[in-house]
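As numbered in the numbering used here, residues 210 to 343 make up the sequence shown, in order.
All residues carry an ideal CB built from backbone N, CA and C; glycine is no exception.
Computed from a predicted model, the values in this text were never measured in an experiment.
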Amino acid sequence: YSTLQSGLFGSSLIKSPKDWELQSSIKLDECQKIRALLHQLNKPNIQVSPSVIVHLIDRLSELMCVIIDLANCCMQLHSNNSHRKAASKSFNRIVDFMYTLNGDKELYEILQNAINKNQKNPTMTEEEQHVANM
């Protein structure tokens with residue numbers, strides 16, 4: 210017997226409709242910090258491993274997908290309209306941010322520089338190379 214209560218679809222992140230906004234804000238805040246860090250690392254005098262860049266970009270994706278995937282599932286399957294509306298709002302917030310990232314030319318350049326650096330001096334694992342080229 211367990212006293213722990215799981216949240217929506219077994220996720221501990223969402224237990225009530227109000228949790229959608231909180232979790233989206235937390236994830237977006239972390240994404241903004243990673244994005245700012247990536248921009249700071251894109252300076253000529255800063256040497257950083259291509260693997261670090263790939264891991265940071267992969268973390269961005271992971272943070273957004275946690276909310277997007279759960280929200281999409283909720284919007285399709287949940288019987289509670291409040292949950293569906295809150296999930297839809299969170300889904301749209303994350304997707305809007307994703308569009309911002311997709312239009313961020315500097316992020317593209319940062320990733321391309323990491324890929325080019327790795328081609329000259331291979332240090333990334335096969336998995337990291339796969340992620341970088343996705």
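Quick check: what's the CA-CA separation for S221 versus S234? Sequence index remark: in the sequence shown, residue 221 carries index 12 (1-based). Sequence index remark: in the sequence shown, residue 234 carries index 25 (1-based). Distance between the alpha carbons of S221 and S234: 16 Å.
Which residue's Cα is closest to the Cα of A280: D313, K326, N301? To locate residue 280, count along the sequence shown from 1; it is residue 71. Comparing Cα-Cα distances from A280 to each of D313, K326, N301, the minimum goes to N301.
Would you kindly work out how many angstroms separate the C-alpha atoms of H264 and L247, rounded to a whole number? Locating residue 264 in the sequence shown gives position 55, where the first residue counts as 1. Locating residue 247 in the sequence shown gives position 38, where the first residue counts as 1. C-alpha separation (whole angstroms): 11 Å.
If we count Cβ pairs, one from each stretch, closer than 8 Å, do we get three or more for the region 326-341 versus the region 286-305? no
Among the candidates A245, L237, E318, whose CA atom is the shortest distance from the CA of L272? As a first step, residue 272 is located in the sequence shown; it is residue number 63 there, counting from the start. That would be L237, whose Cα lies nearest to the Cα of L272.
Less than 9 Å between the beta carbons of R268 and C283, yes or no? Here residue 268 is taken as the residue at index 59 of the sequence shown, counted from 1. Here residue 283 is taken as the residue at index 74 of the sequence shown, counted from 1. It is not a contact, given that the beta carbons lie outside the stated cut-off.
For P226 versus A295, is the C-beta distance shorter than 9 Å? Numbered from its first residue, the sequence shown carries residue 226 at position 17. Numbered from its first residue, the sequence shown carries residue 295 at position 86. In contact: P226 and A295 (Cβ atoms closer than 9 Å).
L222 (DSSP reduced to helix, strand or coil): As a position in the sequence shown, residue 222 is number 13, starting the count at 1. Reduced to three states, the DSSP call for L222 is coil.
Please return the same chain residues whose Cβ sits closer than 7 Å to the Cβ of A323, not counting the five positions on each side in sequence. Here residue 323 refers to the residue found at position 114 when the sequence shown is read from its first residue. Result list for A323: P259, I262, V263, A341, in chain order.
Less than 9 Å separating the beta-carbons of I276 and Q321? Your numbering for residue 276 matches position 67 in the sequence shown. Your numbering for residue 321 matches position 112 in the sequence shown. Taking 9 Å as the Cβ cut-off, I276 and Q321 do not qualify as a contacting pair.
Taking just the CA atoms, how far does E239 sit from Q285? Here residue 285 corresponds to residue number 76 of the sequence shown, with the count starting at 1. Here residue 239 corresponds to residue number 30 of the sequence shown, with the count starting at 1. Q285 and E239: Cα-Cα distance of roughly 27 Å.
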